[in-house]
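Numbering-wise, the sequence shown is residues 2 to 135 according to the working numbering. A virtual CB, placed ideally from N, CA and C, is assigned to each residue, including glycine. Just so you know, these numbers come straight off a predicted model, no measurement behind them.
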Amino acid sequence: MFGHYQETCLRIELHPPAASAPFAPKIAASLLEPAQFRRWLFPQQFEDKITSPLTAGATFSAWTGPVKIDHYVEIATPQSLRLILSGGIDGFHEWYWGENWVQSRIEGISLLPLHLGQTFALIRLRQFLKESGT
2 MFGHYQETCL RIELHPPAAS APFAPKIAAS LLEPAQFRRW LFPQQFEDKI TSPLTAGATF
62 SAWTGPVKID HYVEIATPQS LRLILSGGID GFHEWYWGEN WVQSRIEGIS LLPLHLGQTF
122 ALIRLRQFLK ESGT
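So, in structure tokens, the structure goes:
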């Protein structure tokens, strides 16, 4: 793999409406359901057939422009997701979440600017949850 080693970890707070139902399941659905993460992970494009919800052992591919990134779901729980990445990024992407927060950690070798992409993704996720009425 070409590129350089990068690691980045970001955590954001989310502010659900005061009278809303538990928020963590909505965060989980946004990360584990392909129909939902396709909406907020734009401009990333995903292959058509992805297991829904994501489960351990599932595989899928995504493209950021011409760069293909293969994903292997190592762990998928109601509070976490760990993806092994290959292709455009050789490494892993971990997601953890709770009632009012989401944390994303990426380590890998890539020519892509991982921190920039991660920051953009978390901003989009926050906006998606806000616009979804959650």
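Item                                                                                                              : Value
Outcome for serine 105 when other beta-carbon atoms lying within 10 angstroms are tallied against a minimum of 16 : buried
Closest residue to serine 53 among Ser31, Gly66, Phe93, Ile13 (Cα-Cα distance)                                    : Ser31
Straight-line Cα distance separating phenylalanine 129 from glutamate 108                                         : 25 Å
Selected residue, minimal CA-CA separation from lysine 50, among Pro35, Ile28, Trp64                              : Pro35
Coil, strand or helix - phenylalanine 61 by DSSP                                                                  : strand
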